[in-house]
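Enquirer: Please see the structure below; I have some questions.
Numbering (mature numbering (1 follows the signal peptide of the UniProt record, and there is no 0)), first residue to last: -18 to -1, 1 to 174.
Next comes the structure, spelled out in structure tokens:
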């Protein structure tokens, strides 16, 4: 018996190397208040001042568990604003959350994600979903409103489901007209 064990062990190659696992193309990264936002964080857009040469304020795609469900929201660039401020849809209204931990969507492969316009209630095949709570996929979308008096561009993150058939943003219930877009992957699977 001892001979058989020694023989079996001797058949295992001495220089077996395990290659490191490839990181996912896109994933959610936990960040705490006052930590830097990862340089590869996905932006939902840029808010531009109407009368300014300023390059604008980055708005990052964020996610947080609220009342037991994952919700998508936005995090204003803390370097530019000097504070940690995010906004999420809570009880049907946009609510600010200051100094709370959350997750930001990051990319390990540049240029594999883009925003695609939606029309006729159709969610694109490669739409990225951020949650599968209660068996319902919730996709990342945004509303873009142009030409407001104080801002040249306003970005409002939201979520879309097959049931809804459109992007429901913070301001949807206010009846404000926006151009809606869904985040899609150009390659790979659609899970984040």
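Think of the CB as a built atom: it goes at the ideal place given N, C-alpha and C, for glycine as much as any other residue. Because the structure is a prediction, the values reported are computed rather than measured.
Quick one: give me the first and last residue of the alpha helix (DSSP H) that residue 60 is part of.
Expert: It spans 60 to 63 - the alpha helix (DSSP H) in which residue 60 sits, taken as one unbroken run.
Enquirer: Measuring CA to CA, which of 24, 55, 63, 42 is closest to residue 70?
Expert: Nearest option by C-alpha distance: 55.
Enquirer: Tell me whether residue 117 sits in a helix, a strand or coil according to DSSP, three-state version.
Expert: In the structure shown, residue 117 sits in a helix (DSSP, three-state: H, G or I).
Enquirer: Are the Cβ atoms of residue 43 and residue 72 separated by less than 8 Å?
Expert: No, the Cβ-Cβ distance between residue 43 and residue 72 is not below 8 Å.
Enquirer: By Cβ distance below 8 Å, which residues in the same chain neighbour residue 167 in space, the five residues on each side in sequence not counted?
Expert: Here the set comprises 7, 8, 94, 95, 108, 110.
Enquirer: Using the Cβ count rule (16 or more neighbours within 10 Å means buried), how would you classify residue 63?
Expert: It is exposed - the Cβ of residue 63 has fewer than 16 other Cβ atoms within 10 Å.
Enquirer: Please say whether residue 11 and residue 99 have beta carbons closer to each other than 8 Å?
Expert: Their beta carbons are not under 8 Å apart, which means residue 99 does not touch residue 11 by this criterion.
Enquirer: Look up residue 165 in the DSSP assignment and give the residues it is bridged to.
Expert: Answer is 97.
Enquirer: For the beta strand (DSSP E) containing residue 104, name the first residue and the last one.
Expert: It is not in any beta strand (DSSP E) - residue 104 carries neither H nor E in the DSSP assignment.
Enquirer: If residue 86 sits next to residue 19, beta carbons under 8 Å apart, how far is it from one beta carbon to the other, in whole angstroms?
Expert: So it is a contact: roughly 6 Å between Cβ atoms.
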